[in-house]
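Residue numbers (full-length UniProt numbering): 1 to 318. Note that the Cβ used here is the ideal one computed from N, Cα and C, for glycine as well. Every value quoted in this text rests on a predicted model; they were computed, and no experiment measured them. Report on the structure given below.
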Ligand SMILES: [Zn+2]
C-alpha cells in the first residue's frame with residue numbers, strides 16, 4: 001500500500017479543475033475525488049485524471065464508484081484510461097465490481113431528432129473498442145473480466161423545468177449516500193449535480209450548469225459546494241464566435257452566480273472548479289466573495305479540502 005492515501009474522515013481532492021475540451025493552462029481537466037476513510041469515489045473523468053488520481057495516492061483497489069455529471073467529452077474523455085490503468089491485481093487495481101452512474105440516452109429533442117448515446121452505450125463502446133487488450137490481459141495476466149466488474153446505472157429523469165427539479169437518491173453503500181438533481185446545461189440533457197453525504201459531512205458538486213435553483217436545493221446546508229464558473233469576459237474579449245459566447249452564457253455560471261447559489265443553499269464553503277476561460281488570479285474569488293458570505297477557495301489540481309467533522313468538534317474539549 002506504499003504511496004496510497006487514506007483519509008481520517010471525508011475529503012475532497014480536486015484532481016483537475018479546468019473546463020474544456022481546451023487546454024489554456026497547466027491545470028488538469030475536470031475530475032474530483034471524494035475520499036472517505038480508505039475508499040474513494042470519482043466525479044467526472046477529465047483529461048489527466050488517471051495520473052492525478054495516482055499522484056494523490058488513489059489506487060483502483062479502493063475505488064467504489066464513478067459519477068458522470070453529463071457526457072461532454074471534457075468530463076468523460078479519460079474514463080477509458082482510468083479504468084484500464086486501475087484494473088486488476090498487477091496495478092493494485094479493482095478486482096471487485098465498481099459502479100458507474102451517468103446520464104441515460106438523450107431522447108434527441110433539440111438535436112435534429114437523432115437520439116444520442118447514454119452511459120450504457122458509452123461503456124459498451126469502450127469495452128468493444130478495447131476488446132483486444134481486455135481479452136489478452138484476461139487470458140494472459142489472469143485479470144478479472146472488466147465487463148463483469150463494471151456495473152452501469154443510467155439516470156433517466158423526465159424532462160422537467162430546472163426550477164421544478166427535486167433531488168433524488170442514486171447510490172448508497174456503507175460509507176455514503178449520493179443524491180442527484182437535474183441541472184440546467186442546455187443543449188445537453190440530462191445533466192446532473194451530485195451530493196455525497198457521509199457520517200463526516202457532505203460535499204456537493206454542481207456539474208456543468210447555468211445558475212440553478214435546483215442545485216441550491218440539493219446543496220442545502222452542505223459542508224463544501226464544488227461549483228463551476230465561467231469568465232464570460234474572456235470569451236467576448238478574445239473574439240470567440242457569438243454563438244459560442246452565448247452557449248457559455250446560457251449553460252454555465254459566473255463566479256458571482258456560483259456565490260449566489262452557495263448563499264441560497266447556506267453552504268459552509270464554496271470551492272470553484274471547472275474554471276472556463278482565463279482570468280486574473282484574484283478574479284474568481286473576488287467575484288464569488290461578493291455574493292457569498294462563507295469561505296471561497298479557487299481549486300487547483302491536486303488540492304485537498306477536508307470536511308470539518310462538526311460532530312467530532314462538538315464533542316471535543318471545551
Ligand atoms: Zn458541459
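DSSP three-state assignment for residue i, whether helix, strand or coil
i, result
"residue 112", "Residue confidence for residue 112 is low, a pLDDT of 49 falling below 50, so the modelled location carries little weight; the figure read from the coordinates is stated next. It is coil, neither helix nor strand."
"residue 316", "For residue 316, the predicted model reports a pLDDT of 40, less than 50, meaning its position is unreliable; a value from the coordinates is still stated below. Coil, per DSSP."
"residue 131", "helix"
"residue 216", "helix"
"residue 95", "coil"
"residue 232", "helix"
"residue 26", "coil"
"residue 140", "helix"
"residue 125", "helix"
"residue 119", "helix"
"residue 3", "coil"
"residue 59", "coil"
"residue 8", "coil"
"residue 237", "helix"
"residue 103", "strand"
"residue 21", "coil"
Residue i - containing alpha helix (DSSP H), residue span
i, result
"residue 73", "73 to 76"
"residue 79", "79 to 85"
"residue 49", "49 to 55"
"residue 149", "146 to 149"
Residue i Cβ short of 7 angstroms to ligand 1 heavy atom set
i, result
"residue 188", "yes"
"residue 247", "no"
"residue 227", "no"
"residue 208", "yes"
"residue 54", "no"
"residue 135", "no"
"residue 5", "no"
"residue 72", "yes"
"residue 75", "yes"
"residue 200", "no"
Range covered by the beta strand (DSSP E) that runs through residue i
i, result
"residue 250", "Segment 242 to 251 is the alpha helix (DSSP H) holding residue 250; no beta strand (DSSP E) there."
"residue 274", "269 to 276"
"residue 264", "Unbroken run through residue 264 is the alpha helix (DSSP H), 255 to 265; no beta strand (DSSP E)."
"residue 289", "Looking at the DSSP string, residue 289 is not in any beta strand (DSSP E); the run it does join, the alpha helix (DSSP H), is 283 to 289."
"residue 304", "303 to 306"
"residue 31", "31 to 36"
"residue 295", "295 to 298"
"residue 42", "39 to 43"
Supposed contact pair residue j and residue i - C-beta distance, whole angstroms, cut 8 angstroms
i, j, result
"residue 198", "residue 36", "5 angstroms"
"residue 63", "residue 94", "5 angstroms"
"residue 265", "residue 216", "4 angstroms"
"residue 309", "residue 269", "The Cβ separation is near 14 angstroms, so there is no contact."
"residue 85", "residue 50", "5 angstroms"
"residue 219", "residue 204", "4 angstroms"
"residue 103", "residue 118", "6 angstroms"
"residue 136", "residue 75", "That belief does not hold up - the Cβ atoms of residue 136 and residue 75 are roughly 29 angstroms apart, past 8 angstroms."
"residue 44", "residue 69", "6 angstroms"
"residue 21", "residue 77", "7 angstroms"
Would you mind listing the beta strand (DSSP E) stretches within the region 155 to 204 that are 3+ residues and don't spill past its ends, in chain order?
The qualifying runs are 168 to 172, 177 to 182 and 192 to 198.
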